[in-house]
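When the letters of the sequence shown are read in order and numbered with this note's numbering, they come out as residues 441 to 1469. Here a beta-carbon is modelled for each residue, glycine too, at the ideal position from N, C-alpha and C. To keep things clear, I will list the structure first and then write my remarks on it.
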Amino acid sequence: MVMMWWWWCCTSVALAYFLVGVNGRMTSVEDDDPYSNLVVKVGLELEDCNIVLTNTMEILQKASEALQNASHGLLAFSGVTVVVPKLLATSCGLPTEVPEVVKMPEAHLILANDHPVFGDQPWTLQSQGCGRAGDLLYMPYTFLRNSSSSFALRGNRVIHEWAKFRWGVFEEYGLKGDPVFPPAYSRIAAYPSTTGGWLPNFCANADLNGRFKEPCHPPDCSFELEREQSATSSLLALPNLVSVTDFCDADSHQFLTPTKQNAQCRGRSVMEILKNHLDFQRSPVIPGDPTWSGDAFDMTYVTYNPEAAGTYVLLMEATSFMSNNKCIERWDLLRATVKQWVMEDILTNSNLGIVTFTSTPSLRQPLTTVSTVSRPTLADALPFSPSSSSSQNVVNALNYVKNYLLLQGGTIILLVNPASLSSSAEAMVTAAGPCAVWPILFPFTSSVNQVNINSFRTLASRTGGQVLKVNDETYSFDSTRRQSLRVQQDLTQHLRRIQVETLKQTSLIPKIQIKKEKLDCDPCNFTLYVGDNVDLTQPVALFFYTHQEPAYVVANNDVPLITYSVTDKVFTVSPRNLKVGNNNIYVGFTVKLEPHLVDVVATKADDGLQVELWSSHDFSFLHLDKPDDPVSLYVRVSKSERPVVGAEVTVGIQGEVSTFDLRLKDNGGGSPDVTGGDGVYSRYWVFAPGNVDACTLMIKVRGTSSSEVVGYTTSTPNTGVVCCGSSIRGDHLPREIFTSNIQYLATQAVVLSEAGQLDVFPPARVTDLYCVPYDGKVILSFTAPGDDLDYGYALEYWVLWAHQSREWKVVQNTTYSVVEGGSVAVVEFAPPICDRQLYYLVRARDTLLQESADSNVAAVTVSCDVVPSHPPPTEPPDFPCSRVGAIWGAFFGGLAAGLIIVASGYFFYFKYYKRSTTPKPRSPQFGHTNVTFSPGSPPDSSSAHSLADIKIIRKVDEPRTTTPVAITAFNRVRSERQLPVPPPSSDATPEDYYENSADDDEFTFEGEYEEPNVTDESLQKSEALYINA
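Laid out in structure tokens, this is it:
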């Protein structure tokens, strides 16, 4: 059993890790098989452990049967591993021989106390869109104890959440108070041939028995279901009905109903999404036994120690390629890096062993518990020079470590030269056994074979690690090339990150890095920001990477500080007079052979605040030029599992010479922020500063006047919010003011490709469109896309409508203002037909006339009997005039008109055409360069279009605010959705590109558009000529 467990640990854990990019978020399911070994983690503070574990087994058995039925015999859970805290082993009745895991695996299901927001109901955190796996599946203890609900219905609910967590589908029901996904919809949406009436907003393959609750104001009407129903689908809509056993498929699915599944998955049914998933393309889990009922799967128990500090083996290549002969000071810096990490960073009570290898491995330091006494011995374990052998065998080295650890697992830090790899990925994975492997590729250059890189990526992804890279940085001195101190700084940062990732499943808190900076000066003055997340009762260490001890270091104009030598080129100092906020640091150096470097490391405050960054893609291999697969960033901010909403969350992207801040949003716009108010802030990442290869990501969280911590601090059954809708709606939940300011270095990202001057990204797809009738008009609201996905400003919005024919036509005479991506846009217009339910969708176009995908569909009916509350202006009185006066008036009027035309032509030539040939500074506010605006000569990579150019191809009317009708209709919605405040003044705004012209502050459109014929080549050419005009 132990061997089986460790075999799983090596494969399943790795998978769960790679399923995400950095910080354990799922983006791939290759090699992951939770059906043969579902991992269930039990949290702390469990009193009636026996009852909960017994019920869990019964519920999972029923869930397995439900899964087998819904997947038509393809999938079922055949084995479950329950990971129990070691301190609960006795109270849970586990036998003493139950094994303890060395490394806590990534769990598929988490059992814990009632959730602060969702109470006693299961909940899945979904940060990404359709078809992408969720982030965690939460099962409250009260749900597992509940005796009023049958095991079968609770098993159905588990599959409901599993479908969201594993396959990236969404709920197929509406929620009261949600304007985007209301609890009712018009009967016409389901049955176009009928008229009138409302239906409950569930995906079902039969009419539902029940009634709407009073008071009812369609579409915000709750529906009371009767116990007896004939519907058999969908588990994503009605998991609590005994009759429901299936998912909606293409035959039973209503693609126009306002559900989150339709909005996110573009009207496709759950089964259509599932059939494209890897799980549904594999062989049946129980081959040869189609009658398997799900009541005979294995339940295995293991324990974990939440206070285990981790077991590491540092496996370092020691071939001649790592020697000083290849690059002066190369091996010296590697030894210094190990010494710095051992002496300053690795936690006490960790277990550390050190092995070097060429064609054969060599044990340099046995597995040793880290302590004050053992640190010096571990720090000096590496030899003063590597081997003279140039032969490398990674498989032998991994095999040696696996056998040395007696198959008990741990974390292998593999420092290896990627250029000389001769082992296959499969052989390395097999050799690693139960160990998580983190390859650090050094020295990394652009000439490294891509096949070798992919082999290391496979090794990391299938064992629970991630590939990290350190570039072969050098500097020149005495006419020789020497290894740069940047190598030591980057290696040390990677070692810190590996420890942080390893300890995520424990209660231990490693130190955090709050600053990383290059100091190309002497003397130097820099600002050190200390956030509320730093424990100032503990030392804050500044590490200076320089070739000679600093002459002085002064913090906040105090007395000079004493520096201590960590290695011969790394010096540390710990100021005692630091304060929360900005601190001034002055440092003088005695010699400068290359730019000085500084890291700042601190102890995290034990305040229950969690801030976590992840990405839709692997941070080590980012491509920022893929419009079909863009990169998204996510930051989750919570306090003791309670989400923090309304905060200002920014990811600082720091390149070699430039930095910019990317403001993330938690507005439920859907692209990319799936759910508003859940404490997960999201944004697309469309370019890197200066086209850099590697950049540092810094998380900044700032409390605002509207930021709050939401949820209960104690277990309160039957008070939770139903998940999830367009945004979390919990007005009854307790709230706590959030005022903290947090800043720390999260990770390093490697950008492999970037769009540069090419505008490859269209506006983002709108997924939260909804509409209301008001004053005889239709008013649409949605989260505005930008020029590049959600970034900057789109050129224009198009509204299309359809009736029962489903033929989409462009709405004429729409009125709206283009707003910044991520803000709320409002469009109003008279309905093409009154007294008929019409469907609407929105497209956006950017300055290159690239169109977004069609939005979700919204429907509304406007009555023909509505009398506008704003009557049209009366006709002006008819004043008589003389014939002579008319003649003179016509003469002077014509003369004035001619002069105006000439002046306008002169003005437009110099203001727009002439200006458009001049390169403009690139701003992240407005996407990438639009080469069509530079007819004179192609711009360089730093130039970008401005809104002055955009005005050439827009129809611009006199600015006016959105009508009082729209403002009145949406004041309530704005407050409910907790929309973000405008960007800070430091960010670029449209006014910066209008030359501060007062009458260019806002565009309001009132144009008539004909539906474009995108296949008409002549039309496309004429549009291009129009742009260049």
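For residue i, count the other beta carbons within 10 Å of its own beta carbon; 16 or more makes it buried, fewer makes it exposed. Which is it?
i            : result
residue 1219 : buried
residue 489  : buried
residue 503  : buried
residue 1011 : buried
residue 1337 : exposed
residue 1016 : exposed
residue 782  : buried
residue 1004 : exposed
residue 951  : buried
residue 547  : buried
residue 572  : buried
residue 474  : buried
residue 769  : buried
residue 1268 : buried
residue 812  : exposed
Which residues in the same chain have their Cβ closer than 8 Å to the Cβ of residue i, if we skip the five residues on either side of it in sequence?
i           : result
residue 910 : 880, 881, 882, 883, 884, 927, 930, 931, 934
residue 766 : 760
Run through DSSP, which three-state label would residue i get?
i            : result
residue 620  : coil
residue 1061 : coil
residue 1135 : strand
residue 984  : strand
residue 1504 : This structure cannot speak to residue 1504, because the chain is shown only from 441 to 1469.
residue 1100 : strand
residue 1274 : coil
residue 836  : helix
residue 1025 : strand
residue 605  : helix
residue 911  : strand
residue 858  : helix
residue 766  : coil
residue 1044 : strand
residue 656  : coil
residue 1122 : strand
residue 1127 : coil
residue 1037 : strand
residue 815  : helix
residue 600  : helix
residue 739  : strand
residue 610  : coil
residue 591  : helix
residue 643  : coil
Taking the beta strand (DSSP E) that residue i belongs to, which residues open and close that run?
i            : result
residue 1091 : 1088 to 1094
residue 756  : 751 to 757
Closer than 6 Å by C-beta to residue i: which residues in its own chain qualify, once you throw out the five before and the five after it? Chain order, please.
i            : result
residue 833  : 799
residue 542  : 751, 848, 849, 850
residue 1284 : 1203, 1225, 1234, 1237, 1292
residue 1028 : 963, 991, 992
residue 824  : none
residue 1319 : For residue 1319, the predicted model reports a pLDDT of 39, less than 50, meaning its position is unreliable and no value from the coordinates is stated.
residue 544  : 744, 945
Sorted by chain position, which residues of the same chain lie with C-beta nearer than 7 Å to residue i's C-beta, five sequence neighbours on each side aside?
i           : result
residue 871 : 835, 838, 839, 842
residue 646 : 670, 671
Thinking residue i and residue j are a contact (beta carbons under 8 Å), I'd like their distance in whole angstroms, please.
i            : j            : result
residue 1036 : residue 984  : 6 Å
residue 1211 : residue 1298 : 5 Å
residue 698  : residue 620  : 7 Å
residue 1228 : residue 1191 : Not quite, the Cβ-Cβ distance comes to about 16 Å (not below 8 Å), so this is no contact.
residue 1187 : residue 937  : 6 Å
residue 1104 : residue 1084 : Between residue 1084 and residue 1104 the Cβ distance is about 12 Å, and since that is not below 8 Å, they are no contact.
residue 696  : residue 686  : 21 Å between Cβ atoms; not a contact.
I'd like the span of the alpha helix (DSSP H) that includes residue i, first residue to last.
i            : result
residue 573  : Run containing residue 573: none; DSSP gives neither H nor E here.
residue 1286 : Here residue 1286 belongs to no alpha helix (DSSP H), and DSSP marks it neither H nor E.
residue 953  : From DSSP, residue 953 is part of no alpha helix (DSSP H) but of the beta strand (DSSP E) over 952 to 959.
residue 499  : 489 to 510
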